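J.:
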Amino acid sequence: MEWSSSLGMDDEYEKFIRRMNPPRVVIDNETCKNATVIRVDSANKHGILLEVVQVLTDLNLIIVKAYISSDGGWFMDVFNVTDQDGNKLRDEGMLDFIRKSLGADSCFVPTLRRSVGVGQSFTHTSIELIGTDRPGLLSEVSAVLTNLKCSVVNAEIWTHNSRAAAVMHVTDEETGLAITEPERLAKIKGLLCNVLKGNNKIRGAKTVLSLEATHPERRLHQMMFADRDYMRSDDEATDEKQRPNVTVTNWDAKDYSVVTIRCKDRSKLLFDIVCTLTDMQYVVFHAKVDTEGPDAYQEYYIRHIDGFPVNSEAERQRVIQCLEAAIERRVSEGLKLELCTVDRVGLLSDVTRIFRENSLSVTRAEVTTRGGKAINTFYVRDAAGNPVDSKTIDAIRQAIGRTLLQVKGNPEYSNSPPQESLTRFLFGGLFRSRSLYHFGLVRP
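Just so you know, we're using the numbering used here here: the sequence shown kicks off at 57 and counts up by one.
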């Protein structure tokens, strides 16, 4: 009870500080030729940088440059951003939303607890999973949920260093609402944990009860960090291919540790770095980010939350390992496939079963549903971790439907439909009829 009261007092104090020193947001479309400039000035607190970056990232904005300063009690940030097509932000609705999300009336995402498991909201049940990665794992998890009458409405699945983590939002198949019965939740947890464990007796799986809704991508970072996915085996330690260049040095004159990162640029890179530094209890005092062109350069001046810079070789190596892992978790190894179709119960299970039957392994996945439509993105490789043969992709697209499953970002795989085959009509009809049945348009 005393702990809850203390948390409540801290929340009220933060609200008071925000009322006395409300954030100021300025959006400028004139200063920079190629980007929209967003400046945020606010009272400083631990984690505020992550909160601001998270808002911009969740809007799918590309941060091409950033200048960060938070010495003393004030926080000042300048971000140069574009949309996904590299254009300035011109939509007034979007600009107004950014002002409200970052400004005086905003309510930043609260600190997330380090728990893993199944939790409830009014609209869905959140399932958080971590276990040993293997080919067909997503198919097995999806099949269990379908058999338990659970419908997957949203999901994020990451794999890294032989581990797999997922945050999935599911609803009851019949009601479309969150699953709340304790016995049913216990059954879901137990069966999923058995699937995740597989034959690995050394590293286990986790499906523990959590009562709070969480930010999926931050939770994935937290879960994999807690699972120590940054620890490499001897074979992986010698493989320098595609490794990001991370260095940590001390600037003794100012009592800062300087973290520099050079790697291939990609979406949400800044969020992944800031998320990891924040969760490792480091404070970013100054930073410079330049992500124009194919490569990204980031420089951070940090101290631990206790006020000290990195003070041992072991700590320095741990910071490097954890930042490398944070960058690599979202690296999209594999061929990108996008499924867009009418949503229905069991869709994810059927699609991933076809992947598994064709010896494909899912390295990352994003599952979303909007207005009765499913938009799912999968990154796939063959079971040995190699690029997928074009004949295999052709067979899978015929099975699922060429207009439904598209290959993205790889001109070697044609999306143009060849002559239709009997297989195409059989499986295409299966997908179509199940969708119509789900929405009551045909009889079983």
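Glycine included, every Cβ here is placed at the ideal spot set by N, Cα and C.
If you're wondering where the values come from, they're calculated on a predicted model, not measured in any experiment.
1. Which of helix, strand or coil does DSSP assign to A455?
2. Classify Q110 as buried or exposed, calling it buried when 16 or more other Cβ atoms lie within 10 Å of its own Cβ.
3. Assign Q298 to one of three DSSP states: helix, strand, or coil.
4. Within 10 angstroms of the Cβ of A261, are there 16 or more other Cβ atoms? Answer buried if so, exposed if not.
5. Return yes when the Cβ of L460 is within less than 7 Å of the Cβ of V436, no when it is not.
6. Identify the continuous beta strand (DSSP E) that holds N210 and give its terminal residues.
7. Tell me where the beta strand (DSSP E) around G187 begins and ends.
8. So what does DSSP say about R372, is it helix, strand or coil?
9. To the nearest whole angstrom, what separates the beta carbons of K320 and P350, a pair I think is in contact under 8 Å?
10. In chain order, what residues of the same chain have a beta carbon less than 6 Å from the beta carbon of Y286, not counting five sequence neighbours either side?
11. For a test of the three-state rule: what should DSSP assign to E148, helix, strand or coil?
12. Give the secondary structure of E413 by DSSP, where H, G and I count as helix, E and B as strand, and everything else as coil.
13. How far does the alpha helix (DSSP H) with H277 in it extend, from its first residue to its last?
14. If you run the structure through DSSP and keep just helix, strand and coil, what is T347?
15. Among residues of its own chain, excluding the 5 on either side of L403, which ones have a beta-carbon nearer than 6 Å to its beta-carbon?
16. Determine the DSSP secondary structure at V418, reduced to helix, strand or coil.
17. Taking 8 Å as the cut-off, does the stretch 385-405 touch the stretch 183-191 (at least 3 CB pairs, one atom from each stretch)?
18. Could you check where the alpha helix (DSSP H) with N250 kicks off and where it finishes?
19. Thinking C-beta only, is V345 closer than 7 Å to L326?
20. Residues in the same chain with beta-carbon distance under 7 Å from T303, minus the five sequence neighbours each way, listed in chain order, please.
21. Would you report the Cα separation of L248 and V418, rounded to the nearest angstrom?
22. What's the call for C396, buried or exposed, on a 16-neighbour Cβ count within 10 Å?
23. For the stretch 268-282 and the stretch 212-222, state whether three or more C-beta atom pairs, one from each stretch, are separated by less than 8 Å.
24. Less than 7 Å between the C-beta atoms of H225 and N210, yes or no?
25. Please list the terminal residues of the continuous beta strand (DSSP E) segment that includes T231.
26. Under a three-way DSSP split, which group does D328 fall into?
27. What runs of the beta strand (DSSP E), each 3 residues or longer, lie entirely inside the stretch 82-130?
28. Work out the CA separation of K205 and E230 for me, nearest whole Å.
29. If you draw a straight line from the C-alpha of A122 to the C-alpha of A343, how long is it?
30. Please classify S355: does DSSP put it in a helix, a strand, or coil?
31. Near D399, what residues of its chain come up, given a Cβ to Cβ distance below 7 Å and the 5 sequence neighbours on each side ignored?
T.: Looking at the coordinates:
1. The count along the sequence shown starts at 1 and reaches residue 455 at position 399. Note: A455 maps to helix in three-state DSSP.
2. Locating residue 110 in the sequence shown gives position 54, where the first residue counts as 1. Q110 counts as buried, since at least 16 other C-beta atoms from the protein chains shown sit within 10 angstroms of its C-beta.
3. If you number the sequence shown from 1, residue 298 lands on position 242. Look at Q298 here: in three-state DSSP terms it is coil, with no helix or strand label.
4. By one-based count along the sequence shown, residue 261 stands at place 205. Buried, because 16 or more other Cβ atoms sit within 10 Å of the Cβ of A261.
5. Translated into the one-based positions of the sequence shown, residue 436 becomes position 380. Translated into the one-based positions of the sequence shown, residue 460 becomes position 404. Not closer than 7 Å, so no.
6. The residue labelled residue 210 in the question sits at position 154 within the sequence shown. Secondary structure note for N210: its beta strand (DSSP E) is the uninterrupted segment 206-216.
7. Stepping through the sequence shown from its first residue, residue 187 is reached at position 131. Residues 181-188.
8. Locating residue 372 in the sequence shown gives position 316, counting from the first residue. Three-state DSSP puts R372 in a helix.
9. As a working note, residue 320 is residue 264 in the sequence shown. As a working note, residue 350 is residue 294 in the sequence shown. The beta carbons of K320 and P350 sit about 6 Å from each other, so the pair counts as a contact at 8 Å.
10. Working through the sequence shown from its first residue, we reach residue 286 at position 230. Apart from sequence neighbours up to five positions away, the residues of its chain that approach Y286 with a beta-carbon distance below 6 Å are Q377, C378, A381, ordered along the chain.
11. Here residue 148 corresponds to residue number 92 of the sequence shown, with the count starting at 1. Correct three-state label for E148: helix.
12. Mapped onto the sequence shown, residue 413 falls at position 357. Residue state, collapsed to three classes: helix.
13. Within the sequence shown, the letter at position 221 stands for residue 277. Per DSSP, the unbroken alpha helix (DSSP H) holding H277 starts and ends at 272-282.
14. Numbered from 1 along the sequence shown, position 291 holds the residue referred to as residue 347. In this structure, T347 counts as coil in the three-state DSSP scheme.
15. Here the question's residue 403 lines up with position 347 in the sequence shown. Closer than 6 Å at the Cβ level, and outside the excluded window around L403, lie A430.
16. Translated into positions along the sequence shown, residue 418 becomes position 362. Reduced to three states, the DSSP call for V418 is strand.
17. For the pair of segments examined, the stretch 183-191 was found not to touch the stretch 385-405: the number of CB pairs separated by less than 8 Å stays below three.
18. The count along the sequence shown starts at 1 and reaches residue 250 at position 194. N250 -> alpha helix (DSSP H) spans 238-253.
19. Taking the first residue of the sequence shown as position 1, residue 326 is located at position 270. Taking the first residue of the sequence shown as position 1, residue 345 is located at position 289. Cβ atoms of L326 and V345: closer than 7 Å.
20. Here the question's residue 303 lines up with position 247 in the sequence shown. Contacts found: T316.
21. Residue numbering aside, residue 248 sits at position 192 when the sequence shown is read from its first letter. Residue numbering aside, residue 418 sits at position 362 when the sequence shown is read from its first letter. Near 18 Å, if we compare the C-alpha coordinates of V418 and L248.
22. The count along the sequence shown starts at 1 and reaches residue 396 at position 340. Under this definition C396 is an exposed residue.
23. The stretch 268-282 vs the stretch 212-222: in contact.
24. As a position in the sequence shown, residue 225 is number 169, starting the count at 1. As a position in the sequence shown, residue 210 is number 154, starting the count at 1. Going by C-beta atoms, H225 is nearer than 7 Å to N210.
25. One-based indexing of the sequence shown puts residue 231 at position 175. Segment: none, T231 is in no beta strand (DSSP E) and carries neither H nor E.
26. One-based indexing of the sequence shown puts residue 328 at position 272. Annotated three-state conformation of D328 is helix, per DSSP.
27. Secondary structure in the stretch 82-130: the beta strand (DSSP E) runs of 3 residues or longer, each lying completely within the stretch, are 92-99, 118-125 in chain order.
28. Counted from its first residue, the sequence shown places residue 230 at position 174. Counted from its first residue, the sequence shown places residue 205 at position 149. A direct Cα-to-Cα measurement between E230 and K205 gives close to 8 Å.
29. For the purposes of this step, residue 122 is taken as residue 66 along the sequence shown, with counting starting at 1. For the purposes of this step, residue 343 is taken as residue 287 along the sequence shown, with counting starting at 1. Cα-Cα distance, rounded: 8 Å.
30. Working through the sequence shown from its first residue, we reach residue 355 at position 299. Here residue 355 turns out to be Glu, not Ser, going by the sequence shown. Secondary structure of E355 (DSSP, three-state): strand.
31. Here residue 399 refers to the residue found at position 343 when the sequence shown is read from its first residue. By the criterion of a C-beta distance shorter than 7 Å, D399 is surrounded in its chain by T425, G428, K429, A430, once the five residues flanking it on both sides are discounted.
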